[in-house]
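J.: Here the working numbering is used: the first residue of the sequence shown is 980, the next is one more, and so on. The structure follows.
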Amino acid sequence: MYPRSLSLILIAATLSFVALSLDYVSYPVLAGPVTSELGLTYTQSGLMMSIFAIFYAFMQVPSGILSDKFGGGRVIVLSTLLMGLSCLGFGLSSSFGGALFSRLMIGAGAGFILPASTKLLSSSFPARDLDGAMGIFGSAFGIGFIVSFAAIPWILGASNWRMGAVFTGIFTLAVTIPCWAVLWRSKVVNPTEKISPSPSVFEGLFSKNLVYLILINFTGLAVVVGITTWAPLYLTRSLNISLVEAGFMVAVLGVMEIISSFAGGVLTPKIGGGKVVVISMAMCVALPILLILAPSAWAGLLIMAAVGWAGSFFVPPVFARVSLSASREHSGAVFGVFGMASFIGSSITPIIVGYILDTMGRYDIGFLTISIIAILGLIGSVLFWKKAGLNAVRVDSFQAEGKNIIASKPLSREQGAQK
């Protein structure tokens, strides 16, 4: 489908995102044993998840700037190395402070992956292929879910949570090898396509358009992170199933994230990114409430699958347009600002639900809170669709023009035929 050089870059970047996903979502599976052994409260356990997201967010802008200066490939290699070593450190932790610091370092390392990868992909792929490439890249998050929620419960059954943490560290260090082989000396391989640049990397960053995109990504992350952090414990208690069975349900979520990311990349050029994003956001509002009402394990399984679909369906149209919202040489920094704002917001859901559990002991109120937060994304998706032209069906029809950095009209039939 793509030239060999582009395929190798896409595979390596996707593997780094798989490692990020695995390291991120492994904690919800390990949370029960970790909380028990280290004597954590629900709030402390939620903080273990949130601290990853907080430092992940803080590293977004530095990652974008470094990627613009030194290239995304080298940043990705160093990030996977730091993540792998920090995962091993988490497995050796004997106190809340040590475990929290390790999770902090995992998040700091992971924070460099997305801006660097987006910089690399947007600099390498023609704009006409970027939706599809982002769809493949976005599927990595679901692959990480599958590995985490399928393999780690089995490791817990055979050993303990420390071996689960060691497994994530070894996996991530193994990913560093192909990333180094392919990406360390990677350069822009398709610099010929021109997209009208924004005069300054900072011009238009806080326009309404980017705010809408931030709200959309914020919602997808808030819902998926909030549900996956607490769903395993909730499902085991409300539906009287084992942790392995609950882990399987969340692994299905990962499968659907893979499928939906591919589907988003395929359908965006056909039906328009606006419809894709609004569907995702509407599902994000409804699904936490439906999870509360799930009457059986089968219903829970279907709802978790739907969460996976909602969490990645919007990724290709949104990520592709953020990466093209400024000149290619500044795309890393632009995505860093987008990522920082999005992930700071989404990091609140695990700790908010944890606080609700500590003070009220009510999962239903916790998940209802996630649903209320998701309304922000639904508003952002509708506004962006109607006011900023996300109904355009081709990424390469978008031009950066001053502060209105992502405005365009749908292609006419004649233009589509010419394309």
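Glycine included, each C-beta is placed from N, C-alpha and C at the ideal position.
1) For a test of the three-state rule: what should DSSP assign to R1141, helix, strand or coil?
2) Which of the three DSSP states is assigned to G1163 in this structure?
3) What three-state label does DSSP hand I1195 in the structure shown?
4) Does DSSP put A1320 in a helix, a strand or coil?
5) Quick one: Cα of L1246 to Cα of I1033, how far?
6) Look at F1031 and L1200 and say whether their C-beta atoms are less than 8 Å apart.
7) Between the alpha carbons of E1236 and G1290, how many angstroms are there, rounded?
8) Around the C-beta of S1138, are 16 or more other C-beta atoms found within 10 angstroms, so that it is buried, or is it exposed?
9) For G1359, which residues in the same chain have their Cβ closer than 6 Å to its Cβ, ignoring the five residues on either side in sequence?
10) For T1328, which option in V1301, F1241 and T1207 has the closest C-alpha, if you only look at C-alpha atoms?
11) Measuring straight from C-alpha to C-alpha, what distance separates M1262 and A1285?
12) Can you tell me where the alpha helix (DSSP H) holding Y1006 begins and where it ends?
13) Report the residue from W1140, V1054 and G1050 whose alpha carbon sits nearest the alpha carbon of T1014.
14) Take M1400 and list the residues in its own chain whose beta-carbon comes closer than 6 Å to its own, dropping the five residues that flank it on each side.
15) With a threshold of 7 Å on Cβ separation, who are the neighbours of Y1021 within its own chain once the five nearest residues in sequence on each side are excluded?
16) Determine the DSSP secondary structure at L1071, reduced to helix, strand or coil.
17) Put G1315 into one of helix, strand or coil per three-state DSSP.
18) Quick one: give me the first and last residue of the alpha helix (DSSP H) that G1253 is part of.
19) Relative to the C-alpha of Q1023, which residue among R1341, W1364, A991 and I1331 is closest?
T.: A quick look at the data gives this:
1) In this structure, R1141 counts as helix in the three-state DSSP scheme.
2) Residue identity check: residue 1163 is Trp in the sequence provided, not Gly. Coil.
3) Residue state for I1195 is assigned as helix, using DSSP reduced to three classes.
4) DSSP places A1320 within a helical segment (H, G or I) once states are collapsed to three.
5) Roughly 32 Å between the two C-alpha positions.
6) Not a contact, by the Cβ cut-off of 8 Å.
7) Going by C-alpha positions, E1236 is about 7 Å away from G1290.
8) Looking at its Cβ environment, which holds fewer than 16 other Cβ atoms inside 10 Å, S1138 is exposed.
9) Result list for G1359: Y1191, L1194 and I1195, in chain order.
10) Considering only alpha carbons, the answer is T1207.
11) Taking the straight line joining both Cα atoms gives about 8 Å.
12) From DSSP, the alpha helix (DSSP H) with Y1006 extends over R983 to L1017.
13) Closest by alpha carbon: W1140.
14) Outside the displayed span of the chain (980 to 1398) sits residue 1400, for which this structure offers no information.
15) Shown here for Y1021: same chain residues with a beta carbon closer than 7 Å to its own, the five before and five after excluded, namely G1333, L1336 and D1337 in chain order.
16) Coil.
17) Helix at G1315.
18) Under the DSSP assignment, G1253 falls in the alpha helix (DSSP H) whose first and last residues are G1252 to I1271.
19) Out of R1341, W1364, A991 and I1331, the CA that lies nearest to the CA of Q1023 is found in I1331.
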